[in-house]
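Numbering (this note's numbering), first residue to last: 1 to 50.
No residue lacks a Cβ here, since even glycine has one placed at the ideal position from N, Cα and C.
Being a predicted model, the structure only gives us computed values, none of them experimental.
Worksheet for the structure shown next.
As structure tokens, then:
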């Protein structure tokens, strides 16, 4: 990732780096499903130490 942020790259290098690093695909339905099925199901299951 640091290679992407340095400015002294040749265009060929930038192209190779961009092929190696993929941006995440945002799937809002999957996110909601995980949140509802795995996160909210744990609500009130744990208590913080006082």
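| task | Would you tell me roughly how many angstroms separate the C-alpha atoms of residue 21 and residue 14, rounded to the nearest one? | result | Distance between the alpha carbons of residue 21 and residue 14: 11 angstroms.
| query | Do you know offhand how far residue 34's Cα is from residue 28's? | reply | Rounded to whole angstroms, the separation of the alpha carbons of residue 28 and residue 34 is 10 angstroms.
| task | Taking only the alpha-carbon atoms, compute the straight-line gap between residue 49 and residue 16 and give it to the nearest angstrom. | result | Taking the straight line from one Cα to the other gives about 49 angstroms.
| field | Residue range of the unbroken alpha helix (DSSP H) whose run includes residue 13 | value | Counting along the chain, the alpha helix (DSSP H) containing residue 13 begins and ends at 11–20.
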